[in-house]
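Structure (structure tokens):
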């Protein structure tokens, strides 16, 4: 109905366990009319940032996300990009990322989100934020976060639509990442009472 | 010479990759006159704390440290103890500790030190502090640190000798963990210019 009304539409996700292609295929399977070009996600945002600043990343991400960085020069890395790597967060892998970071004259850590944990069918799982904190502490740096609730993330979604913030509305279930992030960017925001919505979070972000 | 002089002596270590037995054997092999009873280490300090407060730990530690907790009830855990687990810091293990912690009504996290990293023959390694931070962030708790530079750690070494802080001197190579910790406890402290000593740290702890 939003599409039929002629309103512009973007899907903003913090998904970093799969490429946008995979993510879109899943949603299409659930009956959504959605294409890759309509999705704003952390990995492409990170790629833009890497290109703009001439950064060559060492990737600590999920295997399925690696294709998003196909066109990025990863030789002789001068920064670390951390995503929700899940099983790839082995001690060897985390330590390797740490060594790259601590070996840099000016360590740059880019994190694809700051989530603490999420829920899967078999229980709670540590999210990227926990490992971001581990690397921040070990190297005494502060990560640059791309993805919700980062202002730049919403700004890039707005730029892709060619719409100013005051003419856009964000709809989401997360009071901090979705609603808070959009509001800090000058947009209005609507919280849906589905997904991870909990009534205790409605008034106390 | 210290022993011959009649002065009381304790060895204070933050080693948590091995039992005191193993640690002492290594030092004896290097020619030191030292016994297990003379060593103050984080694991026994944690055991005292666990017993005092009726805590049953889930252990996220190095395999070689587990025997230090042999006499501690570990059934139905109501806290998490994290040490320098090295290769045991797999995603599965860290996630399991996280699940125990987040499942507690009042999460208690005990950390055997707060080191950022250390150096081994094959390079730098992430230390317990990084994983402590990951769990702190994921569960929104603050860890209780045993081991240097915690005041309680030095106090227990003093209690074991039966000596008041103003009559004791700490000798170590780490300006923060050794010298700083001892001074905050009312002891005097001497920094040796060996080990991890770097001149830049001598005046700026």
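Chains as they are written, first to last, in the working numbering: chain W, 28 to 232; chain U, 28 to 232.
Backbone N, C-alpha and C fix where the C-beta goes; we use that ideal spot for every residue, glycine too.
Closest Cβ-Cβ distance between residue i and chain U: below 8 Å?
| i | result |
| --- | --- |
| residue 45 of chain W | no |
| residue 145 of chain W | no |
| residue 114 of chain W | yes |
| residue 140 of chain W | no |
| residue 160 of chain W | yes |
| residue 41 of chain W | no |
| residue 150 of chain W | yes |
| residue 202 of chain W | no |
| residue 105 of chain W | no |
| residue 173 of chain W | no |
| residue 121 of chain W | yes |
| residue 38 of chain W | no |
For residue i versus residue j, is the C-beta distance shorter than 8 Å?
| i | j | result |
| --- | --- | --- |
| residue 187 of chain U | residue 102 of chain U | no |
| residue 172 of chain U | residue 110 of chain U | no |
| residue 161 of chain W | residue 91 of chain W | no |
| residue 95 of chain W | residue 72 of chain W | no |
Can you give me the C-alpha to C-alpha distance between residue i and residue j, rounded to a whole angstrom?
| i | j | result |
| --- | --- | --- |
| residue 62 of chain U | residue 42 of chain U | 15 Å |
| residue 170 of chain U | residue 177 of chain U | 12 Å |
| residue 203 of chain U | residue 164 of chain W | 16 Å |
| residue 138 of chain W | residue 214 of chain W | 24 Å |
| residue 126 of chain W | residue 121 of chain U | 20 Å |
| residue 142 of chain W | residue 157 of chain W | 8 Å |
| residue 105 of chain W | residue 145 of chain U | 22 Å |
| residue 113 of chain U | residue 147 of chain W | 27 Å |
| residue 149 of chain W | residue 123 of chain U | 12 Å |
| residue 58 of chain U | residue 48 of chain U | 15 Å |
| residue 88 of chain W | residue 107 of chain W | 10 Å |
| residue 175 of chain U | residue 84 of chain W | 36 Å |
| residue 232 of chain W | residue 219 of chain W | At residue 232 of chain W the pLDDT is 41, less than 50, meaning the model places this residue with poor confidence and gives no usable figure here. |
| residue 37 of chain W | residue 39 of chain U | 59 Å |
| residue 29 of chain W | residue 52 of chain W | 20 Å |
| residue 81 of chain U | residue 128 of chain U | 16 Å |
| residue 75 of chain U | residue 179 of chain U | 11 Å |
| residue 192 of chain W | residue 200 of chain U | 55 Å |
| residue 97 of chain U | residue 119 of chain W | 28 Å |
| residue 34 of chain W | residue 117 of chain U | 46 Å |
| residue 151 of chain W | residue 115 of chain U | 20 Å |
| residue 153 of chain U | residue 166 of chain U | 20 Å |
| residue 184 of chain W | residue 210 of chain W | 14 Å |
| residue 217 of chain W | residue 50 of chain U | 59 Å |
| residue 133 of chain U | residue 56 of chain U | 44 Å |
| residue 86 of chain W | residue 79 of chain W | 18 Å |
| residue 32 of chain U | residue 194 of chain U | 15 Å |
Is there a Cβ from chain W that is less than 8 Å from the Cβ of residue i?
| i | result |
| --- | --- |
| residue 32 of chain U | no |
| residue 137 of chain U | no |
| residue 165 of chain U | yes |
| residue 110 of chain U | no |
| residue 231 of chain U | Residue placement at residue 231 of chain U is poorly supported in this model, since its pLDDT is 44, which falls under 50; the coordinates are not used for a value here. |
| residue 155 of chain U | no |
| residue 117 of chain U | yes |
| residue 127 of chain U | no |
| residue 168 of chain U | no |
| residue 88 of chain U | no |
| residue 51 of chain U | no |
| residue 93 of chain U | no |
| residue 206 of chain U | no |
Ends of the alpha helix (DSSP H) at residue i?
| i | result |
| --- | --- |
| residue 32 of chain W | Unbroken run through residue 32 of chain W: none, as it is neither H nor E. |
| residue 88 of chain U | Careful: residue 88 of chain U lies outside any alpha helix (DSSP H) and carries neither H nor E. |
| residue 128 of chain W | 118-129 |
| residue 183 of chain W | 178-188 |
| residue 75 of chain W | 69-79 |
| residue 211 of chain U | 208-211 |
| residue 54 of chain W | 47-56 |
Would you mind giving the Cβ-Cβ distance between residue i and residue j, rounded to the nearest angstrom? I have them listed as a contact below 8 Å.
| i | j | result |
| --- | --- | --- |
| residue 168 of chain W | residue 136 of chain W | 5 Å |
| residue 197 of chain W | residue 206 of chain W | 7 Å |
| residue 181 of chain U | residue 140 of chain U | Contact doesn't hold; Cβ gap of about 14 Å is too wide. |
| residue 77 of chain U | residue 99 of chain U | 6 Å |
Could you give the residue range of the beta strand (DSSP E) that holds residue i?
| i | result |
| --- | --- |
| residue 150 of chain U | 150-153 |
| residue 109 of chain W | 106-109 |
| residue 217 of chain W | 215-218 |
| residue 199 of chain U | 196-199 |
| residue 146 of chain W | 144-147 |
| residue 136 of chain W | 136-138 |
If you measure from the beta carbon of residue i to each beta carbon in chain B, is any gap under 8 Å?
| i | result |
| --- | --- |
| residue 85 of chain W | In the structure shown, chain B cannot be found, because the protein chains are W and U. |
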